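K.L.:
Residue numbers (our numbering), protein chains in the order written: chain V, 1 to 246; chain W, 1 to 307. The beta-carbon is built from N, C-alpha and C at its ideal position, and this holds for glycine as well. These numbers come from a predicted model, not from an experiment. Can you read through this structure? Questions will come right after.
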Amino acid sequence: MLELQNVSFQVDSENGQKEIIDSVNLRIDERFVAITGPNGGGKSTLAKLIMGIYKPTAGKIIFNGVDITDKSITERAQMGITFAFQQPVRFKGITVSDLITLASAKELNTSQVCNYLSEVGLCARDYVDREVNESLSGGELKRIEIAMAMARGTELTVFDEPEAGIDLWSFKNLISVFRKMYDKTNGSIIIISHQERILNIADRIIVIADGKITNDGKGEAVLPELLGTQSATDACTVLKNKVDME
Amino acid sequence: MALDKMQMNLLKTIADLEKVPDGAFNLRLDGGLAMRNNTENITIETKQDKPGIDIYIKAGTKNERVDIPVIVSKTGLKDLVYNDFYIGEGADVLIVAGCGIHNDGSEKSEHDGIHAFHLAKNARVKYVEKHYGEGEGTGERILNPTTEVDIAEGGYLEMETAQIKGVDSTKRVTRAVLGDKATLIIHEKIMTHGKQSAETDFAVDMNGFDCGAHVVSRSVAKDNSHQHFTSLINGNNQCNGHTECDAIIMDNAGVTADPKLTANHVDASLIHEAAIGKIAGEQLIKLMSLGLSEKEAEEQIINGFLK
Ligand SMILES: Nc1ncnc2c1ncn2[C@@H]1O[C@H](COP(=O)(O)OP(=O)(O)OP(=O)(O)O)[C@@H](O)[C@H]1O
Ligand SMILES: [Mg+2]
Chain V
1 MLELQNVSFQ VDSENGQKEI IDSVNLRIDE RFVAITGPNG GGKSTLAKLI MGIYKPTAGK
61 IIFNGVDITD KSITERAQMG ITFAFQQPVR FKGITVSDLI TLASAKELNT SQVCNYLSEV
121 GLCARDYVDR EVNESLSGGE LKRIEIAMAM ARGTELTVFD EPEAGIDLWS FKNLISVFRK
181 MYDKTNGSII IISHQERILN IADRIIVIAD GKITNDGKGE AVLPELLGTQ SATDACTVLK
241 NKVDME
Chain W
1 MALDKMQMNL LKTIADLEKV PDGAFNLRLD GGLAMRNNTE NITIETKQDK PGIDIYIKAG
61 TKNERVDIPV IVSKTGLKDL VYNDFYIGEG ADVLIVAGCG IHNDGSEKSE HDGIHAFHLA
121 KNARVKYVEK HYGEGEGTGE RILNPTTEVD IAEGGYLEME TAQIKGVDST KRVTRAVLGD
181 KATLIIHEKI MTHGKQSAET DFAVDMNGFD CGAHVVSRSV AKDNSHQHFT SLINGNNQCN
241 GHTECDAIIM DNAGVTADPK LTANHVDASL IHEAAIGKIA GEQLIKLMSL GLSEKEAEEQ
301 IINGFLK
């Protein structure tokens, strides 16, 4: 369904060009795919490239056989791609119910809006008319972001660290949200996550570090390797090198 | 007398009225009195010395509404009016004023309304004011509202003022004097487009012990329009004063925010916040990722901001 062919994303940095995503080749047809890897590895950047927020500096992105590399965010959204942000956006004056309604792209009555909110563990009555502004907590905002993705219910949904900032109790709900989503959309979910519990249930785990895919395969194969080494050591070596230098 | 369709539409836009209301009501049409209705507790009288009306609201009046819409539908009319509200002790009322200008001609039409509110002890008022202009003509549509507020001990006035559309030039002046434990809340919303200009000028004297003022202005300036926001809060006693000016700027528009705070008392606590900027890129991106076009996303953001 989704294919990245030699996708690169370069930015200008102080010391010349920096390759944030480096010639990534990837084909995703599985229902539930997790992307993980160290902080700063390029996961969110990859998601933004898929949604069209960034344009690749090289390579092609194919969605359901259509080359979407030059398509706008709006076009991709309408073709069936959804992206739940790592850092959801706040608005002044736009309410939770406004956003869920916009996401669903049709008129919703209050009880329909409330259903989506209940699915993500928010007491609907307290939230429908709240503005999505500074007054919402980080966890509340993340849940509303997930509710929006549910309301869209598109073929492909990319969640960027959906569990971050959400308390333990709701982890089960989150999983049930994913289940419901793919019952309804019959599509694929890509989850960027550092959470072992999420990685555990994925059909496939892709590890991204330094803008490259460093590991990719079934959960049983990738997970043990990952838990032993990966993220943790990376950060440590960096720190250690720094200390050694001083 | 009956109103024509255009006049009825203006009435709906500025006062949300589908028909002439049952409560206290005064309609001014093209510079003269068109309709009036008094109630047991609310009396509206025509001023003898100058154009305008006096509105008397009896002490203790509760849950009543006063509507005093103004419609200007002739080109070349300059209308000046003085409206004085006397709100009796402990009354709690809603006052809806608004002015709609329909100018199909080539000459300028102008309405300058000077509204004075005198709140007795513990009186509470919610005052809603909407300004709107329309018409195919080249004649300018000008609205210059002045609001003077005097709140006695324990009184409360909440003012919601909006200039929705189509006003070419406006100078909005608000002056308030607050007594002990008096509260003033103002929410202003303005949108300008084309070559319009809007000037807002607030000044609040916080004279009473423990009085509070909260003045918030939200505005959107599009095209080549200009807006100028001035506010002055004088904290002359132990008090809490807060003003906020939050503007979205688009195209080639210009916005100036000019806040001043003066504290003349050691327990005066005064805050001003001002922010001017274009629509945040990430807000547009979020809405576009829901399937909206850039233009639709922009509209949603502005509508929400001015809601
Ligand atoms: N627009 C940009 N311009 C310059 N550098 C960028 C830009 N976007 C991301 N980066 C850098 O690219 C790298 C990858 O960032 P990205 O946000 O994709 O990481 P991530 O894998 O999602 O990390 P995390 O786990 O912390 O969310 C980081 O070093 C980041 O600072
Ligand atoms: Mg990230």
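Could you check which residue in W:Ile164, W:Gly179, W:Asp223, W:Leu17 has the C-alpha nearest to that of Asn303 (chain W)?
P.N.:
Nearest C-alpha to Asn303 (chain W): W:Ile164.
K.L.:
If you run the structure through DSSP and keep just helix, strand and coil, what is Gly59 (chain V)?
P.N.:
Looking at Gly59 (chain V) - three-state DSSP - the assignment turns out to be strand.
K.L.:
Of the choices V:Thr36, V:Ile206, V:Gln17, V:Gln78, whose alpha-carbon is the least far from that of Ser293 (chain W)?
P.N.:
Per the Cα distances, V:Gln78.
K.L.:
Would you give the residue range spanned by the beta strand (DSSP E) that Cys114 (chain V) belongs to?
P.N.:
Taken as a continuous stretch (DSSP letters only), Cys114 (chain V) belongs to no beta strand (DSSP E), being part of the alpha helix (DSSP H) at 110-119.
K.L.:
Kindly give me the distance between the Cβ atoms of Met250 (chain W) and Ala268 (chain W), rounded to whole angstroms, as I take these residues to be in contact under 8 Å.
P.N.:
About 36 Å; that fails the 8 Å criterion.
K.L.:
Please confirm whether Val70 (chain W) has its beta-carbon closer than 7 Å to some beta-carbon of chain V.
P.N.:
Closer than 7 Å: no.
K.L.:
Over what stretch of residues does the alpha helix (DSSP H) that includes Leu199 (chain V) continue unbroken?
P.N.:
Taken as a continuous stretch (DSSP letters only), the alpha helix (DSSP H) holding Leu199 (chain V) covers 196-201.
K.L.:
Assuming Gln227 (chain W) is part of the beta strand (DSSP E), what are its boundary residues?
P.N.:
Run containing Gln227 (chain W): 226-235, per the beta strand (DSSP E) assignment.
K.L.:
Go ahead and label Ile201 (chain V) buried or exposed: buried means 16 or more other beta carbons lie within 10 angstroms of its beta carbon, across all protein chains shown.
P.N.:
Exposed.
K.L.:
Is the closest heavy atom of ligand 2 to the C-beta of Ser44 (chain V) under 6 Å?
P.N.:
Yes.
K.L.:
Does the Cβ of Gln86 (chain V) lie closer than 6 Å to at least one heavy atom of ligand 2?
P.N.:
Checking every heavy atom of ligand 2 against the Cβ of Gln86 (chain V), one is found closer than 6 Å.
K.L.:
Looking only at C-alpha atoms, which of V:Asn25, V:Ile144, V:Phe178, V:Lys71 sits nearest to Gln5 (chain V)?
P.N.:
Of the listed residues, the one whose Cα sits closest to Gln5 (chain V) is V:Asn25.
K.L.:
Ser73 (chain W) touches chain V at which residues, Cβ-Cβ below 7 Å?
P.N.:
The contacting residues do not exist; Ser73 (chain W) stays about 32 Å from chain V at best.
K.L.:
Counting Cβ pairs, one atom from each stretch, are 3 or more of them under 8 Å apart for the region 32-41 of chain V and the region 75-91 of chain V?
P.N.:
Result no; under three Cβ-Cβ pairs closer than 8 Å.
K.L.:
From the DSSP output, read off the bridge partner residues of Lys47 (chain W).
P.N.:
DSSP output for Lys47 (chain W) lists no bridge partner at all.
K.L.:
Can you give, in chain order, each stretch of the beta strand (DSSP E) that sits fully within the region 97-143 of chain W and has at least 3 residues?
P.N.:
Runs of the beta strand (DSSP E) inside the region 97-143 of chain W: 109-119, 124-134, 141-143.
K.L.:
Are the C-beta of Ser217 (chain W) and some C-beta of chain V separated by less than 7 Å?
P.N.:
False, the Cβ-Cβ gap to chain V never drops below 7 Å.
K.L.:
Span of the alpha helix (DSSP H) holding Asp50 (chain V)?
P.N.:
Position check: residue 50 (chain V) holds Ile in this sequence, whereas Asp was assumed. 43-51 is the span of the alpha helix (DSSP H), which, as asked, contains Ile50 (chain V).
K.L.:
State the start and end residues of the unbroken alpha helix (DSSP H) segment that holds Met159 (chain W).
P.N.:
Run containing Met159 (chain W): none in the alpha helix (DSSP H); it sits in the beta strand (DSSP E), 156-165.
K.L.:
Just mark Glu107 (chain V) as buried or exposed, buried being the case when its beta carbon has 16 or more other beta carbons within 10 Å.
P.N.:
When all chains shown are included, Glu107 (chain V) counts as exposed.
K.L.:
Could you say which of V:Phe83, V:Val33, V:Ile61 lies nearest to Ile285 (chain W) if we only look at CA atoms?
P.N.:
For Ile285 (chain W), the nearest C-alpha among the options comes from V:Phe83.
K.L.:
Hey, Ile28 (chain V) and Leu2 (chain V) are a contact pair by Cβ (cut 8 Å); roughly how many whole angstroms apart?
P.N.:
Right, the Cβ-Cβ distance comes to about 5 Å (below 8 Å), so this counts as a contact.
K.L.:
Does the beta-carbon of Gln48 (chain W) have 16 or more other beta-carbons within 10 angstroms, so that it is buried, or is it exposed?
P.N.:
Classification of Gln48 (chain W): exposed, given that the 10 Å Cβ count is below 16.
K.L.:
Identify the contact partners of Gln300 (chain W) in chain V, using a Cβ-Cβ distance below 8 Å as the criterion.
P.N.:
Neighbours of Gln300 (chain W) on chain V, chain order: Ile94, Asp98, Leu102.
K.L.:
Below 8 Å on the Cβ atoms is my guess for Val93 (chain W) versus Val125 (chain W); work out the distance and round it to an integer in Å.
P.N.:
Right, their Cβ atoms sit about 6 Å apart.
K.L.:
For Phe305 (chain W), decide whether its Cβ has a neighbour in chain V, counting only Cβ atoms nearer than 7 Å.
P.N.:
Interface residue, yes.
K.L.:
Starting from the beta carbon of Met288 (chain W), find every residue of chain V whose beta carbon is closer than 8 Å, and list them in chain order.
P.N.:
Under the 8 Å cutoff, chain V gives Ser72, Ile73, Thr74, Ala77.
K.L.:
Determine, using beta carbons only, whether Glu282 (chain W) comes closer than 7 Å to chain V.
P.N.:
Yes, Glu282 (chain W) counts as interfacial toward chain V.
K.L.:
Counting only beta-carbon atoms, is Ile279 (chain W) nearer than 7 Å to chain V?
P.N.:
No, no contact with chain V.
K.L.:
Does any C-beta atom of chain V lie closer than 7 Å to the C-beta of Ile271 (chain W)?
P.N.:
No, Ile271 (chain W) does not count as interfacial toward chain V.
K.L.:
Mapping DSSP to helix, strand and coil, what is Ser176 (chain V)?
P.N.:
Residue state, collapsed to three classes: helix.
K.L.:
Report the neighbours of Ile285 (chain W) on chain V: residues whose CB is nearer than 7 Å to its CB, in chain order.
P.N.:
What Ile285 (chain W) touches in chain V: Ile53, Ile73.
K.L.:
If you run the structure through DSSP and keep just helix, strand and coil, what is Thr256 (chain W)?
P.N.:
Residue state, collapsed to three classes: strand.
K.L.:
To which residues of the same chain is Gly187 (chain V) closer than 6 Å at the C-beta, ignoring the five residues directly before and after it?
P.N.:
Only Glu155, Leu156 meet the Cβ criterion.
K.L.:
For Asn39 (chain V), is the beta carbon positioned less than 6 Å from some heavy atom of ligand 1?
P.N.:
Indeed, a heavy atom of ligand 1 lies less than 6 Å from the Cβ.
K.L.:
Could you compute how far the alpha carbon of Val167 (chain W) sits from the alpha carbon of His193 (chain W)?
P.N.:
Roughly 9 Å separates the two Cα atoms.
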